[in-house]
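Written below as structure tokens is the structure these notes are about.
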Amino acid sequence: MTESTVSTFVRDLAPAYRAADETAAGGAHEGAELVSAEDGIRALLRAIGEDPDRDGLQDTPGRVVRAFAEYCSGYAQDPVAVLRKTFSEVSGYQGLVILTDIDFVSHCEHHLAPIVGKAHVAYLPSTAVVGISKLARVVDAYARRLQIQERMTAQIAQCIEVGLAPRAVGVVIDAEHGCMTLRGVNKRAPRLRTQAFSGELATDPQMQQRFFDAIAASS
Ligand SMILES: [Zn+2]
Numbered sequence: 001m002t003e004s005t006v007s008t009f010v011r012d013l014a015p016a017y018r019a020a021d022e023t024a025a026g027g028a029h030e031g032a033e034l035v036s037a038e039d040g041i042r043a044l045l046r047a048i049g050e051d052p053d054r055d056g057l058q059d060t061p062g063r064v065v066r067a068f069a070e071y072c073s074g075y076a077q078d079p080v081a082v083l084r085k086t087f088s089e090v091s092g093y094q095g096l097v098i099l100t101d102i103d104f105v106s107h108c109e110h111h112l113a114p115i116v117g118k119a120h121v122a123y124l125p126s127t128a129v130v131g132i133s134k135l136a137r138v139v140d141a142y143a144r145r146l147q148i149q150e151r152m153t154a155q156i157a158q159c160i161e162v163g164l165a166p167r168a169v170g171v172v173i174d175a176e177h178g179c180m181t182l183r184g185v186n187k188r189a190p191r192l193r194t195q196a197f198s199g200e201l202a203t204d205p206q207m208q209q210r211f212f213d214a215i216a217a218s219s
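Okay, structure coming up:
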């Protein structure tokens, strides 16, 4: 991949990358904000016709707020730093590195409903490779935010691009969206596939097919 290809790729993704991070308020908050968040959940319970003071619901607002702090703990993580810490020399390795079926749970920013799926990541190393657990951590850090699947796909690809400067990157995500299945829009739980490619994975159909074959073989 040429430098200009990389910079174009990064520039194209940058607005989405910033949109997610600028709205992130820097991780979990404390004190007055947590109390007002719990008040918000109580108001929601009243709005759906519940009594937030009945026995079974008294601790629910606190639980919901703590759960969402966990679901959204990725805002406090720096995924690019995860990759920078652990790179090593490729020692002549020339092939694609493919990691399939990275399970994740995210939440959609439109309904706060769960997005449950698998991410598949491939890259063609230039000078650096990274432990596979680090790729899974990158996926997790972006999943634990309010997301749309398209942006999450682009962010993971951009992170690997920036962190490893590889010759090519591919990210494919297959996921079910709770806002469709839970609301009865479609009971058969269709899966949405999104993908982002750069470098030779964007331009070489055979290389791309090897990645798709690996995904198909694993699922
Ligand atoms: Zn949604």
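Under this note's numbering, the sequence shown is numbered contiguously, ending at residue 219.
All C-beta atoms in this analysis are idealised placements derived from N, C-alpha and C, irrespective of residue type, glycine included.
Secondary structure of residue i, DSSP reduced to three states
i: L45; result: helix
i: P114; result: strand
i: Q77; result: coil
i: T23; result: Annotation note: pLDDT 43 at T23 (below 50); position unreliable, no value reported.
i: L182; result: coil
i: Q206; result: helix
i: A16; result: Bear in mind that a pLDDT of 40 at A16, under 50, signals an unreliable position, so the number given afterwards is only what the model happens to contain. Looking at A16 - three-state DSSP - the assignment turns out to be helix.
i: R137; result: helix
i: G31; result: coil
i: Q158; result: helix
Residues bridged to residue i [DSSP beta-bridge criterion]
i: D174; result: K118, R193
i: L124; result: A168
i: G199; result: A168
i: Q147; result: C108
Residue i Cβ short of 8 Å to ligand 1 heavy atom set
i: G117; result: no
i: G220; result: Because the chain is modelled from 1 through 219, residue 220 falls outside the range shown and cannot be assessed.
i: A189; result: no
i: A113; result: yes
i: C72; result: no
i: H120; result: no
i: C159; result: no
Start-to-end residues for the beta strand (DSSP E) that takes in residue i
i: S106; result: 97 to 108
Endpoints, alpha helix (DSSP H) assigned at residue i
i: E50; result: First-last for E50: undefined, no H or E at that position.
i: G261; result: Missing from the structure shown is residue 261; the chain here goes from 1 to 219 and no further.
Minimum Cβ-Cβ distance from residue i to chain D less than 9 Å
i: T153; result: Considering every chain present, this structure includes no chain D. It has just one protein chain.
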